[in-house]
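Taking it in order: structure first as structure tokens, then the write-up.
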Amino acid sequence: MKRFENQIAVIVGGARGIGRAIAERIISEGGIVCVLDVLQTELDELIEQKAVQQAFAVDITNESLLAETIQNIIELHGRLDILINSAGIVGPTATKIENYSSIDFQKIVNINLNGAFNVTKAVIPQMVQQNYGRILHVASIGGKEGNPGMVGYTASKAGLMGLVKGVGKEYAETGITVNGLAPAVIATPMNKDTNPEMLKYMTSKIPMGRLGTVEEVASLVCWIVSKEATFNTGFIFDISGGRATF
Ligand SMILES: NC(=O)c1ccc[n+]([C@@H]2O[C@H](COP(=O)([O-])OP(=O)(O)OC[C@H]3O[C@@H](n4cnc5c(N)ncnc54)[C@H](O)[C@@H]3O)[C@@H](O)[C@H]2O)c1
Numbered sequence: 602m603k604r605f606e607n608q609i610a611v612i613v614g615g616a617r618g619i620g621r622a623i624a625e626r627i628i629s630e631g632g633i634v635c636v637l638d639v640l641q642t643e644l645d646e647l648i649e650q651k652a653v654q655q656a657f658a659v660d661i662t663n664e665s666l667l668a669e670t671i672q673n674i675i676e677l678h679g680r681l682d683i684l685i686n687s688a689g690i691v692g693p694t695a696t697k698i699e700n701y702s703s704i705d706f707q708k709i710v711n712i713n714l715n716g717a718f719n720v721t722k723a724v725i726p727q728m729v730q731q732n733y734g735r736i737l738h739v740a741s742i743g744g745k746e747g748n749p750g751m752v753g754y755t756a757s758k759a760g761l762m763g764l765v766k767g768v769g770k771e772y773a774e775t776g777i778t779v780n781g782l783a784p785a786v787i788a789t790p791m792n793k794d795t796n797p798e799m800l801k802y803m804t805s806k807i808p809m810g811r812l813g814t815v816e817e818v819a820s821l822v823c824w825i826v827s828k829e830a831t832f833n834t835g836f837i838f839d840i841s842g843g844r845a846t847f
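This is the structure we're talking about:
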């Protein structure tokens, strides 16, 4: 089955981890994938390995460069069907708010939330013009429930979920859907620096008793951003091994 034949997808934060797995899955189902990320070495490898069609070094917080790059992609391909925003950082962990610096807080909000605003704003006009689009932001269960010791991450992901809900409703009467995903812990490079006690705590909260895999995430995401998913917008999908109860 080639669900994404003739479709153009932009994946921000697609150089590794969850974004990379989604890129691989979309390509395996016939899509054309352009990855935007800050990891130049990983981007070069993607191109060398012919793993994706295009790769650009763009920081999601750089609104003008981001908009310019998206515009160039649209001009080259003539359309843009899918935006997946998997860019994100964890920031400090095991750090109560009294020890959490405002610089760290501003940095994480800038990437995880302001970046999502930038990229959504950049793709919407083209999607409105073609009356079709699928936007998916990777949020977190932490944004739903609150993870102690990670106020920046929790607050930025909660804000991201608000963005998804609001913008989803703004375009609900068009062919554009805007959704989010709230994973529990998924095995990716992002967790390598997470405090081991914090990781243990987060895993212990998953009823299935294990970490999720990037392939499991890619499978769900690819349905959400497919043409089949026509009656879902402004929603935060669960992928938490039973952790989420709402
Ligand atoms: N892995 C998990 O347990 C988990 C759980 C819940 C949510 N998430 C979310 O899923 C998303 C992907 O996480 P992952 O686990 O694949 O992590 P990852 O670190 O492997 O991937 C994140 C990607 O985002 C890119 N990125 C970071 N800052 C950027 C910026 N300013 N501009 C552009 N790209 C930037 C990184 O370079 C990296 O390629 C993140 O938003 C994360 O918060 C992850």
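Residue numbers for the sequence shown follow our numbering, beginning at 602 and rising by one. Here a beta-carbon is modelled for each residue, glycine too, at the ideal position from N, C-alpha and C.
Secondary structure at residue 650, three-state DSSP: helix, strand or coil? Here residue 650 corresponds to residue number 49 of the sequence shown, with the count starting at 1. Residue 650: coil per DSSP, three-state reduction.
Contacting residues, own chain, Cβ-Cβ under 7 Å from residue 716 (five flanking each side not counted): Position 115 of the sequence shown, counted from the start, is the residue given in the question as residue 716. The answer, listed in chain order, is 661, 662 and 688.
Contact between the stretch 723-743 and the stretch 751-761 is defined here as three or more beta-carbon pairs at a separation below 8 Å; is this criterion met? yes
Just checking my contact of residue 656 with residue 636 at CB under 8 Å: how many whole Å lie between their CB atoms? As a first step, residue 656 must be located in the sequence shown, where it is residue number 55. As a first step, residue 636 must be located in the sequence shown, where it is residue number 35. Confirmed, about 5 Å.
Is it buried or exposed for residue 719, if we count other Cβ within 10 angstroms and need 16 for buried? Here residue 719 refers to the residue found at position 118 when the sequence shown is read from its first residue. So residue 719 counts as buried.
Any chance you could list the residues with Cβ under 5 Å from a heavy atom of ligand 1, keeping chain order? 614, 616, 617, 618, 619, 638, 639, 640, 660, 661, 687, 688, 689, 712, 739, 741, 784, 786, 787, 789, 790 and 791
Would the stretch 775-787 count as touching the stretch 824-843 if we require 3 or more Cβ pairs under 8 Å? yes
Are there three or more Cβ pairs, one per stretch, closer than 8 Å when the stretch 721-732 is compared with the stretch 677-686? yes
Out of 747, 818, 649 and 676, which one is the CA nearest neighbour of residue 697? Position 96 of the sequence shown, counted from the first residue, corresponds to residue 697. Minimum Cα distance to residue 697 is reached at 747.
For residue 647, the nearest candidate out of 704, 614 and 804 (CA to CA): Within the sequence shown, the letter at position 46 stands for residue 647. The option with the nearest alpha carbon to residue 647 is 614.
Would residue 710 and residue 756 be called neighbours here (beta carbons separated by less than 8 Å)? The sequence position of residue 710 within the sequence shown is 109, counting from 1. The sequence position of residue 756 within the sequence shown is 155, counting from 1. Going by C-beta atoms, residue 710 is nearer than 8 Å to residue 756.
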